[in-house]
Amino acid sequence: MLAPPLQVIDSFLLQYNVGDALLIVFVLGLLATLPLKSRKVTMLHIIGFGALFLLLPGSMFAVSSDGAHLLGSVLQYKMLGLGLLVIGPVLYTTASR
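Per the working numbering: the sequence shown = residues 3 to 99.
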């Protein structure tokens with residue numbers, strides 16, 4: 003009885019990779035930390051996701067042949083993680099609260 007809704011969800015999620023899901027969760031989480039008005043919390047969020055993007059295996063970011071993903075290649079996900087890991091600590095140390 004639960005099979006048809008699960009098949010619909012599964013067919014929708016098969017179009018995306020882990021990198022796309024992480025990117026969407028990163029943006030939503032970033033928007034959720036902004037009302038807290040704490041730069042340290044926001045920068046910890048950025049550092050955490052930077053580490054995730056950089057440390058996850060490249061096979062999890064595999065891009066399918068249709069190319070309908072948010073970022074084009076594994077290298078772009080890794081560079082995003084590296085950029086977040088460089089920017090995050092710098093802004094964290096300059097935060098006053």
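Each residue gets a CB set at the ideal place from its N, CA and C atoms; glycine is no exception.
Handout entry: Limits of the alpha helix (DSSP H) - the one that phenylalanine 28 falls within
Key = Here residue 28 is taken as the residue at index 26 of the sequence shown, counted from 1. Where phenylalanine 28 is concerned, the enclosing alpha helix (DSSP H) stretches over 20-35.
Practice task
Determine the burial state of isoleucine 11: buried for a count of at least 16 other Cβ atoms within 10 Å of its Cβ, exposed for fewer.
Solution key: Along the sequence shown, one-based indexing puts residue 11 at 9. By the 10 Å Cβ count, isoleucine 11 comes out exposed.
Practice task
Alpha carbon to alpha carbon, how far is glycine 31 from leucine 73? Give it in angstroms, no decimals.
Solution key: Here residue 73 corresponds to residue number 71 of the sequence shown, with the count starting at 1. Here residue 31 corresponds to residue number 29 of the sequence shown, with the count starting at 1. For leucine 73 and glycine 31, the distance between alpha carbons rounds to 19 Å.
Practice task
Specify, as a first and last residue, the run of the alpha helix (DSSP H) that phenylalanine 51 falls within.
Solution key: Locating residue 51 in the sequence shown gives position 49, counting from the first residue. 41-57 is the extent of the alpha helix (DSSP H) around phenylalanine 51.
Practice task
Can you tell me which of Ser13, Pro59, His71 and Met45 puts its alpha carbon nearest to the alpha carbon of glycine 85?
Solution key: Here residue 85 refers to the residue found at position 83 of the sequence shown. With distances taken between Cα atoms, glycine 85 lies closest to Met45.
Exercise for the section: Measure the C-alpha to C-alpha separation of threonine 95 and histidine 47 and round it to an integer number of angstroms. Expected result: Against the sequence shown, residue 95 aligns to sequence position 93. Against the sequence shown, residue 47 aligns to sequence position 45. Cα to Cα, threonine 95 sits roughly 14 Å from histidine 47.
Practice task
With distances taken Cα to Cα, identify the nearest neighbour of leucine 54 among His71, Pro6 and Gly83.
Solution key: Position 52 of the sequence shown, counted from the start, is the residue given in the question as residue 54. The residue with the shortest Cα to Cα distance from leucine 54 is Gly83.
Practice task
Pull up the CB-CB distance for methionine 62 and valine 20, whole angstroms please, since I reckon it's below 8 Å.
Solution key: Residue numbering aside, residue 62 sits at position 60 when the sequence shown is read from its first letter. Residue numbering aside, residue 20 sits at position 18 when the sequence shown is read from its first letter. So it is a contact: roughly 4 Å between Cβ atoms.
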